[in-house]
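Residue numbers (this note's numbering): 64 to 129.
C-beta: ideal position from N, C-alpha, C; glycine also.
See below for the structure under consideration.
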């Protein structure tokens with residue numbers, strides 16, 4: 064992968080994350096609710112690292128051998 068592809072990938076991910084956060088923030092702040100770190104983390108993990116993927120990674124980790 065060359066340097067330009069890496070930079071482009073970073074911009075694409077950045078834009079997607081900005082768009083996701085803008086939408087999530089509007090939804091979470093309805094009624095003047097305060098967004099805590101725990102709430103942000105839960106929303107972020109749900110979007111970008113779903114439970115089934117986390118479980119798969121835990122199993123993968125537990126099965127590691129030296």
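Residue state for residue 103 is assigned as helix, using DSSP reduced to three classes. Between the alpha carbons of residue 84 and residue 125 lies a distance of about 33 Å. For residue 122, the enclosing alpha helix (DSSP H) covers residues 114 to 125. Secondary structure at residue 82: helix, using DSSP grouped into helix, strand and coil.
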